[in-house]
Amino acid sequence: MSANETTLKMTVVYDNSSRMLQTMGTNPQGVLDIHFVLLSSLSIAGIVVNLITVAALLQSPRLRSRATTAFVLNLSLADLLFSLFNGPLDSAVFYNGGWAYGRALCVLTATTRHVAVGCSLASIQLITLNRYVSVVRPRAYGRIFSQGSCLLLVSGCWLLPAVLLLPATSGLWGQMGYDALDWSCTVCGTGCADAEPVLYRTVLYVGAGLMPVLLFAVCYPRLFMALRHSRRRLTSHYLSR
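Our numbering puts the first residue of the sequence shown at 187, with every later residue one more than the last.
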């Protein structure tokens, strides 16, 4: 073995039956350590920031009465779940040089990851819609974002990602596992041992990314136009006095 090879750490990969089958890829130990430190730091920062956000939102009676607060709180809780659960396990992957905790926990980690991220994306979209309606359709705001509808929307943020993951968690389409190319437990791509076709993963990720882009493309230009029109109207009003 050469001197360079002795500085490399082999990555352990588990297949779908939780057995250690093979080693795939090599990475300098220093690179793994850097990733471990960065992910650990981000995890700690995420926990602290989101705990502060949740506490601040819950302690303010004025903020608790707003529909926007429900969506921001939901976003913070989803990010807090990710930081508390997935952050340490993702860091451990680089500390151990691979996934070392069996298939069951890997599937749970992948499910939690996608539900938390999906909930975060959905919450951001609801915040966007909330701002859009409050500016462009203010008369309909109270009807659209009532207490009951906000509760349903927040619940949907968690349920929708979980439902979309059912094909993979049930094994009907796609699969969950450790992806050596992503260095994480996730919906399997080409980096998984015995990987299935990745069409499900492509559809899932493209859909999750495309929906916010389309929503932002529709809402924010109209928000900008509405605010600009309001500003011009106020300016004309003051100048005419």
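Glycine residues also receive a C-beta, built at the ideal position from the N, C-alpha and C atoms.
Everything numeric in this text was worked out from a predicted model, so none of it was measured.
Beta strand (DSSP E) segment containing residue i, residue limits
i	result
Asp365	362-365
Cys371	370-373
Nearest candidate by alpha-carbon position, reference residue i, set the options
i	options	result
Ile238	Phe222, Ser251, Ser226, Val258	Val258
Thr254	Pro407, Ala354, Leu337, Phe402	Leu337
Leu358	Leu367, Leu385, Ser335, Trp344	Leu385
Arg387	Ser227, Ala296, Leu266	Ala296
Cα-Cα separation, residue i to residue j
i	j	result
Gln208	Ala412	For Gln208, the pLDDT reaches just 36, beneath the cut-off of 50, and the residue's location in the model is therefore unreliable, leaving the point undetermined.
Gly211	Leu307	Residue confidence for Gly211 is low, a pLDDT of 46 falling below 50, so the modelled location carries little weight and cannot support an answer.
Gly342	Tyr391	18 angstroms
Gly360	Ser370	16 angstroms
Leu401	Gln215	42 angstroms
Leu409	Arg323	10 angstroms
Val319	His415	16 angstroms
Leu244	Arg250	6 angstroms
Whether residue i touches residue j by CB criterion (8 angstroms)
i	j	result
Pro347	Cys374	no
Val293	Leu263	no
Val222	Phe280	Reading off the sequence shown, one finds Phe at residue 222, where the question assumed Val. Going by C-beta atoms, Phe222 is nearer than 8 angstroms to Phe280.
Ser226	Ser269	no
Leu218	Gly283	yes
Buried or exposed by the 16-neighbour rule on C-beta atoms within 10 Å, applied to residue i
i	result
Ile310	buried
Tyr364	buried
Ala231	exposed
Arg299	buried
Ser246	exposed
Boundaries of the alpha helix (DSSP H) in which residue i is found, first to last residue
i	result
Cys305	288-322
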